[in-house]
Amino acid sequence: MIHVNIHQTDEDCEITITGHANYAEPGKDIICSAVSTLWCTLINALQLSSSEIYEYDEPQKLRIKRVDEWAGSSIDIFRIGVRGVEAQYGDYVSVTDW
Numbered sequence: 004m005i006h007v008n009i010h011q012t013d014e015d016c017e018i019t020i021t022g023h024a025n026y027a028e029p030g031k032d033i034i035c036s037a038v039s040t041l042w043c044t045l046i047n048a049l050q051l052s053s054s055e056i057y058e059y060d061e062p063q064k065l066r067i068k069r070v071d072e073w074a075g076s077s078i079d080i081f082r083i084g085v086r087g088v089e090a091q092y093g094d095y096v097s098v099t100d101w
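Under the numbering used here, the first residue of the sequence shown is numbered 4, with each subsequent residue one higher.
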């Protein structure tokens, strides 16, 4: 199962993604692909932000300091996307948002 943890305060946000969906064989797993696409889009969108961005590869982890309006909107879009994947494939994706 893929676990997406989003912890956002008034100023900062931390997002961590761990696990694998195991929905299909590697290279054909549409759930892993969906979450990866949302993650990469978020990372690319945040490059246009003035917030401080810290990205870690293992596990997939992102720390955003001083979330500006652009970063906040990008995080919200990511949140909507992963919640949509969770709604469709809840046996394979879990989102914790606090």
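We treat Cβ as the ideally placed atom computed from N, Cα and C, and that holds for glycine. This one's a predicted model, so the numbers in the text were calculated from it and none came from an experiment.
Just to confirm, are residue i and residue j a CB contact at a threshold of 8 Å?
| i | j | result |
| --- | --- | --- |
| I9 | A24 | no |
| S54 | D32 | no |
| T99 | P62 | no |
Got a sec? Which residues, its chain only, sit under 7 Å from residue i by beta carbon, not counting five neighbours each side?
| i | result |
| --- | --- |
| R82 | I9, D100 |
| A48 | S77 |
How many angstroms separate the CA atom of residue i from the CA atom of residue j?
| i | j | result |
| --- | --- | --- |
| I67 | G75 | 10 Å |
| T12 | K64 | 16 Å |
| Q50 | T44 | 10 Å |
| C16 | D79 | 11 Å |
| P29 | S36 | 10 Å |
| Y57 | Y26 | 30 Å |
| G22 | D60 | 13 Å |
| W73 | A90 | 26 Å |
| R69 | T40 | 24 Å |
| S52 | I46 | 10 Å |
| W42 | E14 | 21 Å |
In its own chain, which residues sit with a C-beta less than 8 Å from the C-beta of residue i, not counting the 5 before and 5 after it?
| i | result |
| --- | --- |
| V38 | I5, V7, I20, A24, V85, V88, V96 |
| D124 | Nothing can be reported for residue 124: it is not among the residues displayed for the chain, which extend from 4 to 101. |
For residue i, which residues of its own chain have a beta-carbon under 6 Å away from its beta-carbon, when the five flanking residues on both sides are left out?
| i | result |
| --- | --- |
| Y92 | I34 |
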